[in-house]
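Below: the structure, in structure tokens.
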Amino acid sequence: MSAALGLKARPIANGTTNPDAEDDSDISALINRLTAEVNQIAVDKTKSIQQITNQMKMLALNALIESSRAGAQGAGFAVVAQEVRGVGQQVETIARELESQLTKRTGDLVASIERMSQRSRGERMVDMSLNAIELIDRNLYERTCDVRWWATDSAVVDCAAAPSAAAVTHASERLAVILGAYTVYLDLWLCDLEGNVIANGRADRFRVVGQNVANTKWFREAKTLRSGDDYVAGDVENQPLLGNAQVATYCASVRAGGQAHGAPIGVLAIHFDWEPQARAIVQGVRVGDSDKARVLLVDSHFRVIAASDGQGILSERLTLSANGQRSGFYHDRTGALVAFHATPGYETYRGLGWYGVIVCGA
Numbered sequence: 007m008s009a010a011l012g013l014k015a016r017p018i019a020n021g022t023t024n025p026d027a028e029d030d031s032d033i034s035a036l037i038n039r040l041t042a043e044v045n046q047i048a049v050d051k052t053k054s055i056q057q058i059t060n061q062m063k064m065l066a067l068n069a070l071i072e073s074s075r076a077g078a079q080g081a082g083f084a085v086v087a088q089e090v091r092g093v094g095q096q097v098e099t100i101a102r103e104l105e106s107q108l109t110k111r112t113g114d115l116v117a118s119i120e121r122m123s124q125r126s127r128g129e130r131m132v133d134m135s136l137n138a139i140e141l142i143d144r145n146l147y148e149r150t151c152d153v154r155w156w157a158t159d160s161a162v163v164d165c166a167a168a169p170s171a172a173a174v175t176h177a178s179e180r181l182a183v184i185l186g187a188y189t190v191y192l193d194l195w196l197c198d199l200e201g202n203v204i205a206n207g208r209a210d211r212f213r214v215v216g217q218n219v220a221n222t223k224w225f226r227e228a229k230t231l232r233s234g235d236d237y238v239a240g241d242v243e244n245q246p247l248l249g250n251a252q253v254a255t256y257c258a259s260v261r262a263g264g265q266a267h268g269a270p271i272g273v274l275a276i277h278f279d280w281e282p283q284a285r286a287i288v289q290g291v292r293v294g295d296s297d298k299a300r301v302l303l304v305d306s307h308f309r310v311i312a313a314s315d316g317q318g319i320l321s322e323r324l325t326l327s328a329n330g331q332r333s334g335f336y337h338d339r340t341g342a343l344v345a346f347h348a349t350p351g352y353e354t355y356r357g358l359g360w361y362g363v364i365v366c367g368a
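Mapping the sequence shown onto my numbering, position 243 (from 1) lands on 249, and the numbers just tick up by one.
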């Protein structure tokens with residue numbers, strides 16, 4: 007299910023982005039800039055043509071005036087001047103039409119490229135949102151494996167069956183060994199079926215033995231598990247008995263003989279040290295500085311449970327307009343780009359309806 011006890015827990019990998027997506031964004035920006043330059047060149051050149059035709063018209067007018075003064079001898083020259091004047095007007099008309107059509111076409115192209123760029127950016131942010139939620143899903147899948155495995159440990163099973171002083175000491179020592187190898191946990195608790203904590207791995211730091219947790223949601227759910235193959239995955243919460251630290255609690259039932267279908271004799275609760283692990287993920291998502299992005303993990307109620315800026319954790323509720331979709335992006339009322347992706351789960355971990363979200367400033 008998970009790494010052997012003698013191995014250190016694997017660190018959470020940082021999020022990465024697809025360099026091709028960044029290249030696409032750069033190319034879109036380049037095309038947009040070049041199109042704008044072409045548009046400006048067209049405008050400048052047509053204005054130059056109009057200036058020249060204005061000069062031709064002025065010369066033609068002067069020629070007509072001079073031919074009229076010359077009388078009959080200037081009549082032929084007047085015809086030429088009139089033709090020059092007509093040609094100038096035609097060139098001016100063509101120049102104006104060219105400017106109008108080029109400006110419209112390049113304007114349409116700029117708008118199209120801008121839409122493509124926005125779509126490319128939005129899709130890139132959706133991909134990174136998925137990356138963030140997938141990283142936490144894979145990590146939490148391992149937590150579900152850990153708790154089911156450790157619930158079959160002989161020291162844990164023996165203590166739950168007969169919690170004598172010697173059995174409690176041995177179980178606590180065993181849980182401490184596990185904590186020494188798996189640094190992503192704050193503490194491990196062995197509870198009896200009444201919710202009393204009878205042993206924990208960090209007794210020197212957290213004096214929880216004798217505390218009753220029967221009213222917690224995760225314990226109530228753990229008591230109803232049908233077999234040792236099942237587990238409880240709790241939402242992130244502040245745990246008062248652990249110094250009010252942010253934890254995600256995972257539970258499995260301890261069963262007679264360590265057998266999956268043995269009679270339940272206790273509950274093992276493991277407390278994942280949420281804040282530093284989640285922070286590593288959201289701060290590891292490599293958005294660009296220009297994106298002014300805030301990377302978030304939110305639970306099924308859109309409560310912020312991790313934030314790259316460290317703000318609003320467990321207190322802020324995000325207004326996420328998912329509209330029943332599992333992934334997508336949109337611009338909110340402030341113009342900010344909001345990209346999101348729902349948890350896909352991993353292996354036997356189905357996820358808890360969480361989302362990875364990236365909010366990019368307008």
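The beta-carbon is built from N, C-alpha and C at its ideal position, and this holds for glycine as well.
Which word fits residue i, buried or exposed, when buried means at least 16 other C-beta atoms lie within 10 angstroms of its C-beta?
i, result
"residue 277", "buried"
"residue 249", "exposed"
"residue 180", "buried"
"residue 137", "buried"
"residue 283", "buried"
"residue 118", "exposed"
"residue 140", "buried"
"residue 60", "exposed"
"residue 142", "buried"
"residue 331", "exposed"
"residue 311", "buried"
"residue 232", "exposed"
"residue 145", "buried"
"residue 57", "exposed"
Could you give the residue range of the alpha helix (DSSP H) that holds residue i?
i, result
"residue 180", "171-187"
"residue 160", "160-167"
"residue 353", "Element bounds for residue 353: n/a, residue is neither H nor E."
"residue 339", "From DSSP, residue 339 is part of no alpha helix (DSSP H); its letter is neither H nor E."
"residue 394", "Residue numbering for the chain in the displayed model covers 7 to 368; residue 394 lies beyond these limits and cannot be assessed."
"residue 195", "Counting along the chain, residue 195 falls outside any alpha helix (DSSP H), though it belongs to the beta strand (DSSP E) covering 191-197."
"residue 226", "223-229"
Compute the beta-carbon to beta-carbon distance between residue i and residue j, rounded to the nearest angstrom, for a pair I have assumed lies under 8 Å.
i, j, result
"residue 335", "residue 128", "4 Å"
"residue 293", "residue 326", "Contact flag wrong, Cβ pair sits at about 18 Å."
"residue 441", "residue 161", "Outside the modelled stretch of the chain, which goes from 7 to 368, sits residue 441, for which no answer is possible."
"residue 44", "residue 112", "6 Å"
"residue 355", "residue 230", "With 8 Å as the limit, residue 355 and residue 230 do not qualify as a contact, their Cβ atoms being about 19 Å apart."
"residue 254", "residue 192", "Incorrect: roughly 10 Å between the Cβ atoms, too far for contact."
Note down, in chain order, each residue of its chain lying with its Cβ closer than 7 Å to the Cβ of residue i, except the 5 sequence neighbours on either side.
i, result
"residue 313", "288, 300, 302, 319"
"residue 366", "131, 297, 298, 299, 342, 343"
"residue 3", "Because the chain spans 7 through 368 in this model, residue 3 falls outside it and cannot be assessed."
"residue 360", "139, 303, 304, 305, 306, 349"
"residue 247", "212, 214, 217"
"residue 338", "344"
Just tell me which of the options has its CA closest to the CA of residue i.
i, options, result
"residue 42", "204, 227, 109, 200", "109"
"residue 211", "200, 234, 185, 74", "185"
"residue 222", "213, 209, 242", "242"
"residue 169", "192, 285, 202", "202"
"residue 351", "148, 112, 345, 49", "148"
"residue 266", "101, 154, 111, 44", "154"
"residue 280", "316, 273, 161", "316"
"residue 200", "240, 194, 219", "219"
"residue 52", "106, 74, 95", "106"
"residue 239", "253, 229, 257", "257"
Note down, in chain order, each residue of its chain lying with its Cβ closer than 6 Å to the Cβ of residue i, except the 5 sequence neighbours on either side.
i, result
"residue 270", "259, 261"
"residue 264", "158, 163"
"residue 268", "261, 262"
"residue 291", "21, 134, 138, 301"
What is the residue span of the beta strand (DSSP E) that residue i lies within?
i, result
"residue 286", "Note, residue 286: premise wrong, no beta strand (DSSP E); alpha helix (DSSP H) at 280-290."
"residue 328", "No beta strand (DSSP E) holds residue 328; DSSP gives it neither H nor E."
"residue 261", "251-261"
"residue 371", "One cannot answer for residue 371 here, as it falls past the ends of the chain, which runs 7 to 368."
"residue 362", "361-366"
"residue 203", "203-206"
"residue 311", "310-313"
"residue 299", "299-304"
Looking at the C-beta of residue i, does it have a partner C-beta in chain D at a distance below 7 Å?
i, result
"residue 320", "The structure shown contains no chain D; it holds only a single protein chain."
Cutting at 8 Å between CB atoms, please list the residues of its own chain near residue i, excluding the five before and the five after it.
i, result
"residue 197", "203, 204, 219, 225, 272, 273, 274, 275"
"residue 235", "154, 266"
Examine the ligand ADP and report whether any of its heavy atoms sits within less than 6 Å of the Cβ of residue i.
i, result
"residue 248", "This structure simply doesn't include the ligand ADP, nor any ligand for that matter."
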